[in-house]
Amino acid sequence: MSEGHGEDVRFEVLGPLRAWRARTGLALGSGRRRTLLAVLLLHANRPVSRDRLIDELWGGNVPAYAVNLLQKHMSSLRAGLEPGRRGRGPSGALAWTEAGYVLRVPPGGLDLEVFEQEVRRAREAHAAGDLTGASGAYHAALRLWRGPVCDGLCSPFLDMMRDQVAERRIGAIEECMEVDLALGGQADLVAELRWLVAHHPLRERLHGLLMLALYRSGRQAEALAAFRDARRRLREELGVEPTALLQTLHQRILAADPDLIPLPSHRPPPASLPTVPPPAPNATPPHDPPPHPAPQNAAPPHGSPPHDSPPHDSPPHDKAPHDMTPSRASTRGSTTDGSARGRTAGTGTAASHGSGTRGRAGGPASSGQGRRAAARTPRHWPTPAQLPHGVPQFVGRKAELERLDALLTGDPGRSRAVVLTGMAGVGKTALAIHWAHRIRHRFPDGQLYVNLRGFDPTGTPMEPTEAIQGFLDTFAIKPDQLPSGLHARAALFRSLLAGRRMLIVLDNARDAEQVRPLLPGAPGCLVVVTSRDQLTGLVAAEGAHAFVVDLLPKEEARLLLTRRSGSRLPGTFQSGLLQPAARCPAATLDDPANGDEHRLAGEAAAVDEIVAYCGRLPLALSITIARAVTNPSLPFAALAAELRGARARLDPFDGGEQATNVRAAFSWSYGRLTPPAARLFRLLGLHPGPDFSPAAAASLAGLPLQDVRPLVAELARTNMLSERVPGRFAFHGLLRAYACELSDTQDTRDERRTTLHRLLDHYLHSAHQAGRVLRPGQSPDAGLAPALPLVTPEAPAGRSEARTWFTAEHLVLLAAARRAAEAGFPAHARHLSWSLASFLGHRGTWRVKVAPTSR
Numbered sequence: 001m002s003e004g005h006g007e008d009v010r011f012e013v014l015g016p017l018r019a020w021r022a023r024t025g026l027a028l029g030s031g032r033r034r035t036l037l038a039v040l041l042l043h044a045n046r047p048v049s050r051d052r053l054i055d056e057l058w059g060g061n062v063p064a065y066a067v068n069l070l071q072k073h074m075s076s077l078r079a080g081l082e083p084g085r086r087g088r089g090p091s092g093a094l095a096w097t098e099a100g101y102v103l104r105v106p107p108g109g110l111d112l113e114v115f116e117q118e119v120r121r122a123r124e125a126h127a128a129g130d131l132t133g134a135s136g137a138y139h140a141a142l143r144l145w146r147g148p149v150c151d152g153l154c155s156p157f158l159d160m161m162r163d164q165v166a167e168r169r170i171g172a173i174e175e176c177m178e179v180d181l182a183l184g185g186q187a188d189l190v191a192e193l194r195w196l197v198a199h200h201p202l203r204e205r206l207h208g209l210l211m212l213a214l215y216r217s218g219r220q221a222e223a224l225a226a227f228r229d230a231r232r233r234l235r236e237e238l239g240v241e242p243t244a245l246l247q248t249l250h251q252r253i254l255a256a257d258p259d260l261i262p263l264p265s266h267r268p269p270p271a272s273l274p275t276v277p278p279p280a281p282n283a284t285p286p287h288d289p290p291p292h293p294a295p296q297n298a299a300p301p302h303g304s305p306p307h308d309s310p311p312h313d314s315p316p317h318d319k320a321p322h323d324m325t326p327s328r329a330s331t332r333g334s335t336t337d338g339s340a341r342g343r344t345a346g347t348g349t350a351a352s353h354g355s356g357t358r359g360r361a362g363g364p365a366s367s368g369q370g371r372r373a374a375a376r377t378p379r380h381w382p383t384p385a386q387l388p389h390g391v392p393q394f395v396g397r398k399a400e401l402e403r404l405d406a407l408l409t410g411d412p413g414r415s416r417a418v419v420l421t422g423m424a425g426v427g428k429t430a431l432a433i434h435w436a437h438r439i440r441h442r443f444p445d446g447q448l449y450v451n452l453r454g455f456d457p458t459g460t461p462m463e464p465t466e467a468i469q470g471f472l473d474t475f476a477i478k479p480d481q482l483p484s485g486l487h488a489r490a491a492l493f494r495s496l497l498a499g500r501r502m503l504i505v506l507d508n509a510r511d512a513e514q515v516r517p518l519l520p521g522a523p524g525c526l527v528v529v530t531s532r533d534q535l536t537g538l539v540a541a542e543g544a545h546a547f548v549v550d551l552l553p554k555e556e557a558r559l560l561l562t563r564r565s566g567s568r569l570p571g572t573f574q575s576g577l578l579q580p581a582a583r584c585p586a587a588t589l590d591d592p593a594n595g596d597e598h599r600l601a602g603e604a605a606a607v608d609e610i611v612a613y614c615g616r617l618p619l620a621l622s623i624t625i626a627r628a629v630t631n632p633s634l635p636f637a638a639l640a641a642e643l644r645g646a647r648a649r650l651d652p653f654d655g656g657e658q659a660t661n662v663r664a665a666f667s668w669s670y671g672r673l674t675p676p677a678a679r680l681f682r683l684l685g686l687h688p689g690p691d692f693s694p695a696a697a698a699s700l701a702g703l704p705l706q707d708v709r710p711l712v713a714e715l716a717r718t719n720m721l722s723e724r725v726p727g728r729f730a731f732h733g734l735l736r737a738y739a740c741e742l743s744d745t746q747d748t749r750d751e752r753r754t755t756l757h758r759l760l761d762h763y764l765h766s767a768h769q770a771g772r773v774l775r776p777g778q779s780p781d782a783g784l785a786p787a788l789p790l791v792t793p794e795a796p797a798g799r800s801e802a803r804t805w806f807t808a809e810h811l812v813l814l815a816a817a818r819r820a821a822e823a824g825f826p827a828h829a830r831h832l833s834w835s836l837a838s839f840l841g842h843r844g845t846w847r848v849k850v851a852p853t854s855r
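In the UniProt record's numbering, the protein residues as written are 1 to 855.
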């Protein structure tokens, strides 16, 4: 700041925004000016562009003179911060650079910076074994807190930072609690821990600290009751059990383990406490937002009374208790045979970590810790070979395999990431595993595999920390070599992969955030990711190659059905889809000229019918194949009849367990949708046509178009819908059947009828508008009732747009007219038929004309 004027200005953002010169508070002006100052302070000593500031101040309602207003606000801020500065003179406090505005804040001039310095000082003291010094520094940091960051001010950035800094605070509170507990303050901590647990019921780390404090206070029964309460909360709110680490602590308290109580003769050093070494002092750089924003919390400053901030739960990914098990109780070993195995959380001191402040150790210090651990890794660790066995009789996918093989051309040393995405049951995992086995010889340092459980019957995706831990176990990393926190362990994992050529399969990913920490940093490795989500963030930010795994072509579906059932149709090899095994690795089955040809005589039509009923979906085909294999005397015609006569279309596709049940597979995708997208998915099952536009979906759902577009995009991103041509979306037939089932059970009959009425109104009034444009004066208005509320018909502006609309929608209009006649909407059936006939007459063709009302 300018000499003699602003060097003693102090700013406070940990609560309502305040500024001081010596002991005098400064007037900060209007709400918008205060928001501007807050954004600049949270980027202290770093430039903020003019456009960014305008977005933060006005959002989507930017005035035409926003730049002038911003400059006026800047002038007012300068005047308040530097009252003695000449009007046109250079500013030492608030300067303009080519990159944007910079608010210069001297060291110690911002309470958030002081908070982070004290937390780093506490961690340094803890690492050095100075628990008293660590406790003092933690308390000094937490006493700075007066409330949520810049309380009362609103902007997208401030909202994000409010959540992120609050997560740093709750992490510091937990670390402070651990240190104070190690110092023997358990009796004083119980009440405060109960308050924290009540306001953060999903943070298992706090539950574990409460249990330990109660046990060390001689209150074993209450400690066990605290575990039961934690378990009940997790079951009710998340449907999950406590992590293995918390359950291990429970068992040790139940057994009255004396090792949980420090020896009274001396204060134990950090290594013997129920905690792992603290993170690197510089784990969280000042003002750098952590990678995973967390909701604003309501915990009180440790050592001070709680404020009136509303309580919020911690993020669902932060569900591991922190550091409850003494290090000498560690029993976790490592595999020696290179096989994949499940990780036993809770058996070692570093088995699981929360994702609070400690878990954000992603800076240079953490990377150095990872490199040191990597340097101590045994040179002769076993080569991992974790790929699951592939499908024994893999058939087809020739085009996809050729495209994937093409990725391996060029520089063999560069890193690659491939995303295989597609709907449930389409065969993403089968393709990924089959291809991985084909190319594994290219990666001499081994193969890693993990099922991330992104879409899974448990409903609980694997945390990246758990996945990395499993990989580190494979490398025989000793527990005392493990750094703390997700980002530090990810850095260690990247260090271990450096200079190696490995194939990594990340199966069933939930989203890009789950995958990013598992990506190698150095060239030479290949990562294959499968997901029902399109993982566009991974493609955009990480340069991953995206491959959509589509339905099987009809010929490949027929081939899969006949070959896997032990027979083949005549002429299969001549189709060119499957070459002899010596020429194409995808053909692993010998020529099945085994005497079963008679089973297929005259059954080509039945095979085609089965393929159609299965929708060319590999999972549905495989379930049908299993039925054929277990009943060798059952002809395909009988199987087709079973599918045709099923009470519900999805009933035949149940293989007896969740992994082979189409309905269950769809439910895991449906369960990941947001509630508005789930409602739209159900209601779209009522749509009669082959495809639809977002405008039709808006009328069907009774929502504005701008609200429906993100929901349609969510359904498409998760492969619940497909965008076959730009702006036209379609269901897979089996997904449509699933949506109808859900609507029948979750939406009332009146809701479904009103939804259908809105949809028919949409097409009726849209067709009427388009017909009036094409043939003015010939579109009858008589008997045309007004559209229901919340219906937004499309209105083509000219003849070209009207023709385009009719061309895209004429098959939908035909289906809608039929549905109207069947559902008791005769006026809609009549007017839709007239509009369709008018368009066909205008086009000069009647080949698709059907009289739906005569049926």
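For every residue, glycine included, the Cβ atom is placed at its ideal position computed from N, Cα and C.
In the DSSP assignment, the beta strand (DSSP E) including GLY100 goes from what residue to what residue? Counting from one through the sequence shown, the residue named residue 100 turns up at place 100. Start and end: 100 to 103.
Can you grab the Cα-Cα spacing for the pair SER205 / GLY171, in whole Å? Along the sequence shown, one-based indexing puts residue 205 at 205. Along the sequence shown, one-based indexing puts residue 171 at 171. Sequence check: residue 205 is Arg here, not Ser. Taking the straight line from one Cα to the other gives about 10 Å.
Specify the secondary structure class of VAL149 as computed by DSSP and reduced to three states. Here residue 149 refers to the residue found at position 149 when the sequence shown is read from its first residue. When DSSP states are grouped into helix, strand and coil, VAL149 belongs to the coil group.
Could you please give me the residues that DSSP links to ASN451 through a beta bridge? Against the sequence shown, residue 451 aligns to sequence position 451. ASP507, per the DSSP bridge assignment.
Given that a residue counts as buried once 16 or more other Cβ atoms are within 10 Å of its Cβ, and exposed if not, what is ASP707? Start at 1 with the first residue of the sequence shown, and residue 707 comes out as number 707. It is exposed - the Cβ of ASP707 has fewer than 16 other Cβ atoms within 10 Å.
Counting only runs that start and end within the stretch 418 to 465, where is the alpha helix (DSSP H) found for 4 or more residues in a row? Whole alpha helix (DSSP H) segments, 4+ residues: 428 to 439.
Would you report the Cα separation of VAL529 and LEU14, rounded to the nearest angstrom? On the sequence shown, residue 529 is found 529 positions in, with the first residue counted as 1. On the sequence shown, residue 14 is found 14 positions in, with the first residue counted as 1. Those two C-alpha atoms are separated by around 41 Å.
Out of ARG758, PRO461, VAL548, point me to the one whose CA is closest to GLU513's CA. Residue mapping note: residue 513 aligns to position 513 of the sequence shown, counting from 1. Ranking the options by Cα distance to GLU513, first place goes to PRO461.
Verify whether the separation of the beta carbon atoms of ALA685 and CYS614 is less than 8 Å. Locating residue 685 in the sequence shown gives position 685, counting from the first residue. Locating residue 614 in the sequence shown gives position 614, counting from the first residue. The sequence given here places Gly at residue 685; Ala does not occur at that position. No, these two residues do not count as a Cβ contact at 8 Å.
At least three beta-carbon pairs within less than 8 Å, the stretch 502 to 509 to the stretch 444 to 454: Short answer: they touch.
Tell me whether ASP550 sits in a helix, a strand or coil according to DSSP, three-state version. Residue numbering aside, residue 550 sits at position 550 when the sequence shown is read from its first letter. ASP550: coil per DSSP, three-state reduction.
Return the Cβ separation of ALA417 and LEU482 in integer angstroms, given the expectation that the two are a contact with Cβ distance under 8 Å. Start at 1 with the first residue of the sequence shown, and residue 417 comes out as number 417. Start at 1 with the first residue of the sequence shown, and residue 482 comes out as number 482. Not confirmed; about 25 Å, so no contact.
Buried or exposed: where does ALA648 fall if 16 or more other Cβ atoms within 10 Å of its Cβ makes it buried? Here residue 648 refers to the residue found at position 648 of the sequence shown. Exposed.
In the structure shown, what three-state DSSP assignment does THR24 receive? In the sequence shown, residue 24 corresponds to position 24, counting from 1. Looking at THR24 - three-state DSSP - the assignment turns out to be strand.
So the beta strand (DSSP E) ARG806 belongs to, where does it begin and stop? If you number the sequence shown from 1, residue 806 lands on position 806. According to the sequence as given, residue 806 is Phe; it is not Arg. Note, PHE806: premise wrong, no beta strand (DSSP E); alpha helix (DSSP H) at 799 to 823.
From the beta carbon of PRO242, is the nearest beta carbon of chain D less than 8 Å away? Protein chains in the displayed structure number just one, and chain D is not present.
With C-beta atoms as the reference, is VAL114 less than 8 Å away from ASN45? The residue labelled residue 114 in the question sits at position 114 within the sequence shown. The residue labelled residue 45 in the question sits at position 45 within the sequence shown. In this structure, ASN45 does not lie closer than 8 Å to VAL114 by Cβ.
Have a look at the DSSP bridge pairing and note the partners of ARG10. The residue you call residue 10 lines up with position 10 of the sequence shown. Partner(s): TRP20.
Exposed or buried, GLN386, counting other C-beta atoms within 10 Å across all chains shown (16 or more means buried)? Here residue 386 refers to the residue found at position 386 of the sequence shown. The residue in question, GLN386, is buried, as its Cβ has 16 or more Cβ neighbours within 10 Å.
Contact between the stretch 531 to 551 and the stretch 418 to 426: three or more CB pairs below 8 Å? Note that the stretch 531 to 551 touches the stretch 418 to 426; at least 3 beta-carbon pairs, one per stretch, sit closer than 8 Å.
For GLY733, tell me which candidate among TRP805, TRP834, THR804, VAL611 has the shortest Cα-Cα distance. Walking along the sequence shown from the start, residue 733 turns up at place 733. Minimum Cα distance to GLY733 is reached at VAL611.
Tell me whether ASP761 is buried or exposed, calling it buried when 16 or more other Cβ atoms sit within 10 Å of its Cβ. As a first step, residue 761 is located in the sequence shown; it is residue number 761 there, counting from the start. With 16 or more Cβ atoms within 10 Å of its Cβ, ASP761 is classed as buried.
Examine the Cβ distances between the stretch 624 to 631 and the stretch 714 to 727 and report whether three or more of them are shorter than 8 Å. Contact check between the stretch 624 to 631 and the stretch 714 to 727: fewer than three CB pairs, one atom from each, fall below 8 Å, which does not count as touching.
Which listed residue (GLY108, ALA127, LEU70, PRO47) has its alpha carbon closest to that of ALA95: As a first step, residue 95 is located in the sequence shown; it is residue number 95 there, counting from the start. Looking at GLY108, ALA127, LEU70, PRO47, the one whose alpha-carbon comes closest to that of ALA95 is PRO47.
Nearest by alpha-carbon distance to GLN247: which of THR132, PHE227, GLY80 is it? Within the sequence shown, numbered from 1, the residue matching residue 247 stands at position 247. When each option's Cα is compared against that of GLN247, the closest is PHE227.
CB-CB under 8 Å to GLN220, same chain, minus the five flanking residues each way: which ones, in chain order? Here residue 220 is taken as the residue at index 220 of the sequence shown, counted from 1. Same-chain partners within the cutoff: LEU214, ILE253, ALA256.
Under the three-state reduction of DSSP, which class applies to LEU110: helix, strand or coil? By 1-based counting over the sequence shown, the position of residue 110 is 110. In this structure, DSSP gives LEU110 an extended state, which the three-state scheme calls strand.
Using a Cβ-Cβ cut-off of 6 Å (strictly less than) and excluding sequence neighbours within five positions of PRO580, which residues of its own chain qualify? Residue numbering aside, residue 580 sits at position 580 when the sequence shown is read from its first letter. Any reading at PRO580 needs caution, since the residue's pLDDT is 30, under 50, leaving its predicted position unreliable; the model's value is listed next. So the list is empty, once near-sequence residues are dropped.
Three-way DSSP call (helix, strand, coil) for THR132 in this model: The sequence position of residue 132 within the sequence shown is 132, counting from 1. Secondary structure at THR132: helix, using DSSP grouped into helix, strand and coil.
Whole angstroms are fine: how far does the CA of ALA620 sit from the CA of PHE731? Mapped onto the sequence shown, residue 731 falls at position 731. Mapped onto the sequence shown, residue 620 falls at position 620. The straight-line gap from Cα to Cα measures roughly 16 Å.
Contact between the stretch 59 to 75 and the stretch 123 to 141: three or more CB pairs below 8 Å? For the pair of segments examined, the stretch 59 to 75 was found not to touch the stretch 123 to 141: the number of CB pairs separated by less than 8 Å stays below three.
Within 10 angstroms of its Cβ, does LEU408 collect 16 or more other Cβ (buried), or is it exposed? Translated into the one-based positions of the sequence shown, residue 408 becomes position 408. LEU408 comes out exposed.
What span of residues does the beta strand (DSSP E) with LEU721 cover, start to end? Looking up residue 721 in the sequence shown gives position 721. In the DSSP annotation of this structure, LEU721 is not part of any beta strand (DSSP E), being labelled neither H nor E.
Taking a contact to mean a Cβ-Cβ separation below 8 Å, would you say LEU181 touches LEU209 in this structure? Here residue 181 refers to the residue found at position 181 when the sequence shown is read from its first residue. Here residue 209 refers to the residue found at position 209 when the sequence shown is read from its first residue. For LEU181 and LEU209, yes; Cβs fall inside 8 Å.
Where do the N-terminal and C-terminal ends of the alpha helix (DSSP H) with THR792 fall, by residue? Counting from one through the sequence shown, the residue named residue 792 turns up at place 792. First-last for THR792: undefined, no H or E at that position.
Just to confirm the assignment, what range does the beta strand (DSSP E) spanning PHE681 have? In the sequence shown, counting from the first residue as 1, residue 681 sits at position 681. Counting along the chain, no beta strand (DSSP E) covers PHE681; the unbroken alpha helix (DSSP H) around it starts and ends at 675 to 684.
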